[in-house]
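Below is one structure; the comments refer to it alone.
2 protein chains.
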Amino acid sequence: MTVYFEDLSPGDELEFGAYEVTEDEILAFAEQYDPQWFHTDPERAENESIYGSLIASGWHTGAMTMRMLVDEHFSDAASFGALGVDELRWPNPTLPGETLSVRVEVLETRPSESSPDRGVVRTETTTSNQDGETKLSMKPIVLYARRE
Amino acid sequence: MTVYFEDLSPGDELEFGAYEVTEDEILAFAEQYDPQWFHTDPERAENESIYGSLIASGWHTGAMTMRMLVDEHFSDAASFGALGVDELRWPNPTLPGETLSVRVEVLETRPSESSPDRGVVRTETTTSNQDGETKLSMKPIVLYARRE
Numbered sequence: 001m002t003v004y005f006e007d008l009s010p011g012d013e014l015e016f017g018a019y020e021v022t023e024d025e026i027l028a029f030a031e032q033y034d035p036q037w038f039h040t041d042p043e044r045a046e047n048e049s050i051y052g053s054l055i056a057s058g059w060h061t062g063a064m065t066m067r068m069l070v071d072e073h074f075s076d077a078a079s080f081g082a083l084g085v086d087e088l089r090w091p092n093p094t095l096p097g098e099t100l101s102v103r104v105e106v107l108e109t110r111p112s113e114s115s116p117d118r119g120v121v122r123t124e125t126t127t128s129n130q131d132g133e134t135k136l137s138m139k140p141i142v143l144y145a146r147r148e
Numbered sequence: 001m002t003v004y005f006e007d008l009s010p011g012d013e014l015e016f017g018a019y020e021v022t023e024d025e026i027l028a029f030a031e032q033y034d035p036q037w038f039h040t041d042p043e044r045a046e047n048e049s050i051y052g053s054l055i056a057s058g059w060h061t062g063a064m065t066m067r068m069l070v071d072e073h074f075s076d077a078a079s080f081g082a083l084g085v086d087e088l089r090w091p092n093p094t095l096p097g098e099t100l101s102v103r104v105e106v107l108e109t110r111p112s113e114s115s116p117d118r119g120v121v122r123t124e125t126t127t128s129n130q131d132g133e134t135k136l137s138m139k140p141i142v143l144y145a146r147r148e
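Chains as they are written, first to last, in the working numbering: chain G, 1 to 148; chain F, 1 to 148.
And the structure:
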């Protein structure tokens with residue numbers, strides 16, 4: 001059942017998730033971690049923001065994406081976590097009432113040179129709303145355990 | 001008082017923040033957004049993890065970094081938010097009991113070609129603990145308003 005380094009190959013694709021974005025959660029995250037007015041003040045955001053609406057913190061969109069990735073993939077994977085992320089982008093703001101899903105395509109798999117029990121997997125990971133509009137894209141670099 | 005695009009120049013440096021990382025907050029964030037066992041189970045993390053300790057979700061380290069950035073910079077800046085982040089890295093795990101601070105160096109400033117009221121600023125942003133050990137580094141790309 002567990003996904004190891006050897007189980008992932010370039011071109012593999014996964015699609016999953018149905019994360020409902022609520023105004024309450026946008027506000028709670030932003031008040032704690034990103035209290036900029038366009039994330040915390042719905043009325044001012046509607047009237048003054050270039051986005052015309054309250055929008056989620058980009059870090060919140062990343063966190064919601066991570067929750068879908070854990071529920072549908074990492075909870076059954078032998079992963080040591082991520083070394084980093086390249087090309088993280090927020091091409092469109094995440095809005096209250098949207099439903100997010102995730103698409104992962106494996107770009108590259110490479111055994112670690114320094115640690116023979118591990119391998120590095122690079123993916124293109126995209127988070128979209130119910131209409132297929134991209135909210136977040138990124139290229140994470142994740143460490144997985146190798147089979148014996 | 002407000003920081004506009006024109007107030008930022010390549011080579012500018014800012015240093016600030018003293019964010020105390022608690023086990024409770026690591027657990028709360030991870031249970032909601034990144035429920036992998038090395039973020040949610042202190043005992044198992046201590047005994048089985050390659051890190052030898054409970055560690056914060058990388059998205060949580062990003063969120064804590066954002067909070068320091070907002071408190072000390074964006075709360076007084078005419079910013080429209082970030083287009084994205086390049087080269088996000090977590091070279092060392094964030095541990096309970098650490099105190100984080102942030103260092104920002106402006107790399108590049110560029111007026112927007114499509115929107116003359118805006119400019120793009122690229123920085124190298126680094127989050128370190130009280131001993132100067134780097135926990136997160138990244139190159140955010142942020143939109144600022146231009147002065148009239």
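All residues carry an ideal CB built from backbone N, CA and C; glycine is no exception.
Let me check understanding here. Comparing Cα to Cα, which of the options lies closest to residue i?
i	options	result
Val-102/F	Leu-136/F, Pro-96/F, Pro-116/F and Thr-109/F	Leu-136/F
Pro-93/G	Ser-79/G, Ser-114/G, Phe-80/G and Trp-59/G	Trp-59/G
Thr-99/G	Asp-131/G, Leu-14/G, Tyr-4/G and Ser-49/G	Asp-131/G
Leu-14/F	Asp-41/F, Tyr-51/F and Thr-127/F	Thr-127/F
His-73/G	Gly-97/G, Thr-123/G and Phe-29/G	Thr-123/G
Glu-148/F	Pro-140/F, Pro-116/F and Val-121/F	Pro-116/F
Pro-10/F	Gly-119/F, Gly-62/F and Leu-107/F	Leu-107/F
Gly-97/F	Val-3/F, Asp-12/F and Ile-26/F	Ile-26/F
Val-21/G	Gly-62/G, Pro-91/G, Leu-88/G and Ala-145/G	Gly-62/G
Gly-32/G	Thr-2/G, Glu-87/G, Ser-57/G and Ser-114/G	The residue asked about is misnamed: residue 32/G is Gln in this sequence, not Gly. If we check each option's Cα against that of Gln-32/G, Ser-57/G comes out closest.
Met-138/G	Arg-44/G, Glu-113/G, Ala-82/G and Arg-146/G	Ala-82/G
Glu-105/G	Arg-118/G, Thr-125/G and Val-121/G	Thr-125/G
Asn-129/F	Met-1/F, Pro-91/F and Tyr-51/F	Pro-91/F
Trp-37/F	Asp-12/G, Asp-71/G and Met-1/G	Asp-71/G
Ser-112/G	Glu-6/G, Thr-2/G and Met-64/G	Glu-6/G
Gly-119/G	Ala-77/G, Tyr-19/G, His-39/G and Pro-42/G	Ala-77/G
Asp-24/F	His-39/F, Ser-75/F and Arg-146/F	His-39/F
Val-121/F	Arg-146/F, Tyr-51/F and Glu-133/F	Arg-146/F
Ala-30/G	Met-64/F, Ala-30/F, Pro-42/F and Ile-55/F	Met-64/F
Ala-28/G	Ser-75/G, Asp-41/G and Ala-18/G	Asp-41/G
Thr-134/F	Asp-12/F, Arg-89/F, Ser-114/F and Ser-75/F	Arg-89/F
Asp-12/G	Tyr-51/G, Val-3/G and Glu-87/G	Val-3/G
Does any residue of chain G bring its CB to less than 8 angstroms from the CB of residue i?
i	result
Leu-27/F	no
Phe-5/F	no
Val-142/F	no
Is residue i close to chain F? Criterion is C-beta to C-beta, closer than 8 angstroms.
i	result
Asp-34/G	yes
Val-70/G	yes
Report back the beta-carbon spacing between residue i and residue j to the nearest angstrom; my notes put them in contact at under 8 angstroms.
i	j	result
Leu-143/F	Phe-80/F	4 angstroms
Phe-16/F	Met-66/F	At roughly 13 angstroms, the Cβ-Cβ gap does not stay under 8 angstroms, so Phe-16/F and Met-66/F are not in contact.
Ser-53/G	Leu-95/G	6 angstroms
Pro-140/F	Val-85/F	5 angstroms
So which residues on chain B does residue i lean against when the C-beta distance must stay under 9 angstroms?
i	result
Ala-18/G	Looking for chain B here will not work: the only protein chains present are G and F.
What are the boundary residues of the alpha helix (DSSP H) that residue i is part of?
i	result
Arg-151/F	The shown model of chain F, from 1 to 148, leaves out residue 151/F, and the question about it has no answer.
Ala-45/G	42 to 48
Ile-26/F	23 to 33
Looking at residue i and the ligand PLP, is the gap between the Cβ and the nearest heavy atom below 7 angstroms?
i	result
Thr-2/F	This structure simply doesn't include the ligand PLP, nor any ligand for that matter.
Need the endpoints of the beta strand (DSSP E) that residue i sits in, please.
i	result
Tyr-144/F	134 to 145
Leu-191/F	Given a span of 1 to 148 for chain F in the structure shown, any question on residue 191/F remains unanswerable.
Val-3/G	No beta strand (DSSP E) contains Val-3/G, which DSSP labels as neither H nor E.
Leu-14/G	13 to 20
Pro-96/F	Segment: none, Pro-96/F is in no beta strand (DSSP E) and carries neither H nor E.
Gly-119/G	118 to 128
Quiz item: Of the residues that make up the stretch 82 to 108 of chain F, which ones have a beta carbon closer than 9 angstroms to any beta carbon in chain G?
Solution: Under the 9 angstroms Cβ criterion, the stretch 82 to 108 of chain F contributes Ala-82, Leu-83, Gly-84, Val-85, Asp-86, Glu-87, Leu-88, Arg-89, Trp-90, Pro-91 and Pro-93.
Quiz item: Taking Cβ-Cβ distances below 9 angstroms as the criterion, which residues of the stretch 45 to 67 of chain F are in contact with chain G?
Solution: Contacts with chain G (Cβ-Cβ distance below 9 angstroms) from the stretch 45 to 67 of chain F involve Ser-49, Ile-50, Tyr-51, Ile-55, Ser-57, Gly-58, Trp-59, His-60, Gly-62, Ala-63, Met-64, Thr-65, Met-66 and Arg-67, listed in chain order.
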